Amino acid sequence: MASGDGSQSNAAPELTRRGFLTKGAAAVAGVSAVAAALSPLRHLDPDDVPSIEKFLQAHYKEMITEDKERVLARIRKAVERRHGVTPNVSDPPPLDGVEFVYGLNISRCIGCRKCVHACVQENNQSRAPELQYIRVLEMEKGSIDLETAEHHYDSAQVPNPDKYYMPVQCHQCKEPPCVKVCPVEATWQEPDGITVIDYDWCIGCRYCEAACPYWARRFNFAKSEIPDGALNPDMAYLSNRPRDKGVMEKCTYCLQRTRTGRLPACLEVCPTGSRKFGNVLDPDSEIAYIIKHKRVYVLKEDVGTLPRFFYYFDERGSRYHEPIAPVEQGDAT
Amino acid sequence: MTDDARPATAQRGHLWVPAVLLAIAAVLVFDPVPFSSPVPAATEVPAWATDTTPVRRPTLEPRYAAAGFEYRCSDCHAILPSPVETDRVLTQHTEIELKHGINTRCFNCHHRTNRDAFVDDLGHEIPWNQPQLLCAKCHGPVYRDWQHGAHGRTNGFWDTTRGEQSRRKCIECHDPHQPPFPPMRPAPPPRTLRMGHQGYEKSHGVTDPLQLHVVGGADGASEEEH
Amino acid sequence: MKTYCTFLWDCFRLSFVGDWRYHLWMTVLTTFALVGLYAYAQQLVHGLVTTGMTDQVSWGLYIANFTYLVGLAAAAAMLVIPVYIYRNMHLHDVVIFGELLAVAVILMCLLFVTVDLGRPDRFMHLFWRFNFPMSMLTWDVIALNGYLLLNLHICGYLIYCAYCGRKPSKAFYIPFVFIAIVWAISIHTVTAFLYVGLGGRPFWNSAIIAPRFLASAFAAGPAFIIITLQIVRRFSRHVVSDDALLTLRHIVQVAMIINMFLLACEVFTEFYTDSAHVASAHYLYLGLHGHNALVPWIWTAIAMNLIATGMLLLPASRSLGLLNAACVLSIVGIWIEKGMGLIVPAFVPTPLGELVEYVPTVHEVLVCLGIWAFGLLVYTIFVRVSVPVLAGEVTYAKRFGRPAGA
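Here the protein sequences line up with chains A, B and C, keeping their order.
Position 96 of the first sequence, counted from 1, bears residue number 98 in my numbering, the numbering being contiguous throughout.
Position 108 of the second sequence, counted from 1, bears residue number 282 in my numbering, the numbering being contiguous throughout.
Position 49 of the third sequence, counted from 1, bears residue number 78 in my numbering, the numbering being contiguous throughout.
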């Protein structure tokens with residue numbers, strides 16, 4: 003063991019001028035090194051530094067009407083400053099007696115990807131880096147193994163007669179794993195079945211993205227870029243208002259449209275009419291008819307998520323893609 | 175050992191530590207590892223990719239344009255008799271190429287005497303603006319689906335109490351003479367962040383469901399390809 | 030209170046005192062930590078785009094390191110259990126180093142989670158709306174912070190008592206020691222459940238993940254402590270008996286055998302069944318459709334683990350040289366296997382079958398190195414301070430010439 007004297011002076015080093023200077027130099031050097039390490043922060047976008055107001059903003063479900071109005075006004079101002087457009091920011095509530103369900107006819111889908119881009123335009127997704135809610139999968143016939151799906155097809159023409167097409171987007175599950183895992187309740191299911199995100203509450207842990215079996219959630223890895231003039235000014239708090247970087251976003255069945263009675267953008271643009279949407283609680287709705295009378299399936303039923311997104315097909319199914327050969331004389335009889 | 179025994183001298187000897195820290199500060203201030211963004215420029219999305227207009231816009235009226243004039247079908251057909259059957263080569267309407275499966279006769283659909291109308295199974299007239307009734311003669315299940323909205327385009331409002339809903343009729347998507355939905359160019363494929371090279375063909379290793387017993391699985395199939 | 034402040038002040042001063050080797054080591058660590066901070070500052074400016082993560086592979090090196098380190102923290106229990114449950118006194122004097130390691134490592138875990146967040150500025154949202162008990166992440170927040178507090182209390186109390194020259198009162202720490210043992214197992218189980226509970230990721234959705242976590246943690250952790258104790262022994266006056274190291278060797282030995290057995294179970298289930306769910310495992314071990322970034326890593330890891338297991342089984346590994354080699358092999362092997370080998374393949378292919386590979390970026394690696402350096406820095410200070418205090422060389426009485434509280 004070392005001597006007692008040694009360790010005592012160890013605990014209380016003599017205070018000499020020299021020692022003081024050394025300590026001062028060390029402190030100054032340490033502080034300047036930390037400051038230098040943090041120097042990249044000088045490039046921080048002022049928009050990314052949360053204001054006091056934004057910092058203290060309550061969770062969506064805890065906001066009272068006045069809070070909401072204040073927040074919507076703030077968003078309006080921010081969009082005006084950043085995009086030079088005066089937006090119509092609203093917060094449409096879920097409708098009573100309405101539960102939204104989507105149907106997609108895979109016998110009819112030709113894989114044209116128009117839904118993908120209409121969605122991007124409607125929902126103000128980032129163009130760079132590219133962020134899309136819908137993926138159209140080109141599938142091998144005779145299989146629904148997603149691993150054989152081709153995501154990046156870029157042929158001169160679709161449909162490829164040897165394939166079929168299956169678009170995938172958020173399935174608005176009744177048992178959403180993404181909601182279950184969120185540590186801060188930044189995402190939840192609304193009474194009309196739509197799973198939404200409070201973009202001002204999300205902490206960006208991406209646990210929901212790992213939990214989703216349909217790969218339906220997207221993260222803003224970088225600042226979203228929407229070209230001038232491309233911004234859709236009709237926006238809602240819970241859906242297509244511009245998102246900050248570092249938060250999740252997802253398909254909301256265009257709730258800014260659908261909660262005011264309109265059809266979602268992906269459906270409106272579909273040239274083939276493969277996309278069907280409506281209130282499943284209304285027995286006369288298209289979607290109720292489809293579920294009752296058509297052959298439907300849900301993707302990955304085994305994961306128990308109970309999607310509100312049904313794929314269905316026609317009895318004559320795949321013949322649809324095939325050109326009809328001219329009939330030889332006498333074949334008709 | 176020695177480290178604790180002579181702290182004062184030891185400390186004086188370590189002036190190089192602040193010097194090193196200052197050196198690090200000097201290096202870090204000049205951004206030694208700059209970040210270069212991997213974000214590619216936005217993909218150019220053609221305007222048609224987000225255009226909601228239907229692929230066909232028939233007038234739903236018995237009109238025919240030729241030589242810069244527009245006629246009602248009956249304008250000509252009232253005076254010009256047409257042959258009883260159309261197995262012969264057409265002398266008029268040669269631009270129409272009829273590729274509708276076993277439906278090879280004009281008068282399966284067009285009314286024999288009133289050319290401004292279609293014809294039903296009993297020989298009665300179907301008005302020109304109700305083509306779905308004509309198609310329903312053969313395409314019963316599709317017609318049933320269409321009636322309930324499970325087939326065909328519905329646009330506008332799902333909630334008809336709040337706004338108008340439009341339904342497309344058969345020939346607003348399908349050319350009656352060549353009914354399969356026309357192929358089209360797909361809109362640009364995804365180009366997400368750090369996606370890497372994504373070849374179009376990744377199908378090696380995929381088992382062809384129609385050839386299971388022939389090539390016996392993945393390896394055989396891919397070898398055959400190359 | 031005044032005594033406690035003096036204690037903290039003495040600890041603070043003590044951490045700056047040492048010979049040139051100590052200063053060099055601390056300076057090197059500080060440099061790495063600063064460079065990591067610099068890289069993180071860039072991440073704050075540009076967003077997580079500075080990392081190699083994508084929507085396809087949404088967790089990477091950060092969460093991989095986090096997972097590994099949770100195991101390392103849990104391993105402190107492996108020092109405590111023999112002492113307090115089996116009364117194996119070889120380890121009695123070194124238990125505190127395990128607990129201090131747990132504190133430093135949990136700090137690293139918390140840092141790794143923080144740097145992985147897209148919006149660290151909204152950290153307080155956890156206090157406002159805490160999705161407990163639904164979200165396993167909230168369980169993990171409780172487990173990790175609770176474990177941190179438990180170990181801080183135990184170590185802090187023991188060291189503070191030594192400083193005051195008092196005999197620690199058993200009522201003040203023994204109950205916490207036992208809670209900490211259970212808690213140590215829970216932190217790793219909860220962290221495993223974080224992944225296991227996701228039905229959409231078949232690679233994780235397997236009951237064997239949690240036991241494998243524990244087995245690998247109880248191998249890598251004590252292995253790490255074996256090395257650390259020898260370093261402590263080499264550079265301070267603290268006595269660490271060879272018996273203590275050999276007791277730890279037994280633990281690593283058994284844990285490694287169980288770990289390799291569970292690996293075999295996992296590999297068999299995946300590949301013999303050969304269902305569609307094998308895709309991720311296929312990507313990890315054999316590559317998938319020409320994508321095979323992880324294949325060399327995982328086979329390196331398996332080779333290291335196998336060799337380490339073999340070495341540990343030999344009686345020759347009672348010699349420290351061989352034991353150290355086996356420990357290093359298992360630490361590195363398990364780091365690869367538990368980190369990158371567990372997190373990344375679950376994302377490849379994506380649930381929709383897309384194949385996007387993950388490659389960490391320079392900035393991401395710098396942040397990771399920075400956090401490791403910071404953790405080692407903290408641990409070095411802990412050891413630097415606790416050794417003389419526990420040896421009774423630095424006490425209140427010696428400082429002021431009268432006992433504390435007098």
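Backbone N, C-alpha and C define an ideal beta-carbon position, used for all residues, glycine too.
Quantities reported herein were computed from a predicted structural model and do not represent experimental measurements.
Report all residues from its chain with a CB closer than 6 angstroms to the CB of residue i; omit the five preceding and five following residues, and keep chain order.
i	result
A426(C)	G194 and P432
C397(C)	L90 and N94
R220(A)	L133 and E251
Quick one: measure Cβ to Cβ for residue i and residue j, integer angstroms, because I've assumed they're closer than 8 angstroms.
i	j	result
H322(B)	I270(B)	Contact flag wrong, Cβ pair sits at about 32 angstroms.
P315(B)	E317(A)	6 angstroms
E149(A)	A305(C)	7 angstroms
N125(A)	N242(A)	4 angstroms
G229(C)	C204(A)	Not really, about 19 angstroms apart at Cβ, beyond 8 angstroms.
P228(B)	P266(A)	P228(B) to P266(A), Cβ: 17 angstroms. No contact.
P357(B)	T217(B)	With 8 angstroms as the limit, P357(B) and T217(B) do not qualify as a contact, their Cβ atoms being about 22 angstroms apart.
V206(C)	V109(C)	6 angstroms
Which same chain residues, not among the five before or five after residue i, have their C-beta less than 7 angstroms away from its C-beta?
i	result
G175(C)	W212
I300(B)	A291, F292, V293, D294, L307 and L308
I320(B)	Note that residue 320(B) is Trp in the sequence shown here, rather than Ile. Excluding sequence neighbours, W320(B) sits near Q306 and G326.
S415(C)	I125, L129 and I188
S44(C)	I410, R413 and V414
Quick one: residues in its chain with C-beta nearer than 8 angstroms to the C-beta of residue i, no 5 flanking neighbours on either side, listed in chain order?
i	result
C283(B)	N277, F292, V293, L308 and P350
Y192(C)	F36, D39, V418, V423, T424, Y425 and A433
P251(B)	First, the residue type needs correcting, since residue 251(B) is His and not Pro in the sequence shown. Once the five neighbours on either side are set aside, the close Cβ partners of H251(B) are R289.
R84(A)	D49 and P244
Should residue i be flagged as near chain B, meaning a C-beta pair shorter than 8 angstroms?
i	result
G81(C)	yes
L395(C)	yes
G231(A)	no
Q71(C)	yes
K116(A)	yes
E187(A)	no
E386(C)	yes
Any Cβ of chain A within less than 8 angstroms of the Cβ of residue i?
i	result
V67(C)	First, the amino acid is wrong: residue 67(C) is Tyr here, not Val. Answer yes: the Cβ-Cβ gap between Y67(C) and chain A drops below 8 angstroms somewhere.
N18(C)	Summary: the structure shown does not reach residue 18(C), with chain C confined to residues 30 through 435, and so no result is reported for it.
W49(C)	no
L77(C)	yes
I198(B)	yes
V191(B)	yes
T143(C)	no
H267(C)	no
M165(C)	yes
Any beta carbon of chain C sitting closer than 8 angstroms to that of residue i?
i	result
S256(B)	no
P181(B)	Only weak support exists for where P181(B) lies, its pLDDT of 45 falling under 50; the value from the coordinates is given anyway. Interface residue, yes.
E149(A)	yes
P212(B)	yes
I2(A)	A query on residue 2(A) cannot be resolved here, the shown segment of chain A reaching from 3 to 335 and no further.
R341(B)	no
T366(B)	yes
F204(B)	no
Between residue i and the ligand PLP, is there a pair consisting of the residue's CB and a ligand heavy atom that are separated by less than 7 angstroms?
i	result
V160(A)	In the structure shown, the ligand PLP is absent, as is every other ligand, since no ligand is present at all.
### Task
Inspect the CB distances between the stretch 209 to 217 of chain C and the stretch 166 to 183 of chain A and report whether three or more fall short of 8 angstroms.
no
### Message
Against chain B, which members of the stretch 321 to 332 of chain C pass a CB distance test of less than 7 angstroms?
### Response
none
### Message
Can you confirm whether the stretch 40 to 47 of chain A touches the stretch 68 to 84 of chain C when touching is taken to mean that 3 or more C-beta pairs between the two stretches lie within less than 8 angstroms?
### Response
yes
### Query
Between the stretch 89 to 117 of chain A and chain C, which residues of the former have a C-beta closer than 7 angstroms to a C-beta of the latter?
none
### Task
Report the residues of the stretch 169 to 201 of chain A with a CB closer than 9 angstroms to any CB of chain C, ordered along the chain.
V170, P179, V181, K182, V183, C184, P185, V186, E187 and A188
### Message
Within 8 angstroms, do at least three Cβ pairs link the stretch 368 to 378 of chain C to the stretch 308 to 318 of chain C?
### Response
yes
### Query
What residues from the stretch 40 to 56 of chain A come within 9 angstroms of chain C, judged by C-beta to C-beta, listed N to C?
L40, S41, P42, L43, R44, H45, L46, D47, D50, V51 and P52
### Query
Between the stretch 247 to 258 of chain C and the stretch 343 to 363 of chain C, do at least 3 Cβ pairs fall closer than 8 angstroms?
yes
### Query
Does the stretch 83 to 94 of chain A come close enough to the stretch 225 to 235 of chain A that 3 or more CB-CB pairs lie under 8 angstroms?
yes
### Query
Is there contact between the stretch 47 to 61 of chain C and the stretch 400 to 408 of chain C, where contact requires at least three CB pairs shorter than 8 angstroms?
yes
### Message
For the stretch 364 to 391 of chain C, list every residue whose C-beta sits within 8 angstroms of some C-beta in chain A, in sequence order.
### Response
A375, F376, P378, T379, P380, L381, G382 and E383
#### Entry: At least three beta-carbon pairs within less than 8 angstroms, the stretch 23 to 38 of chain A to the stretch 195 to 210 of chain B
yes
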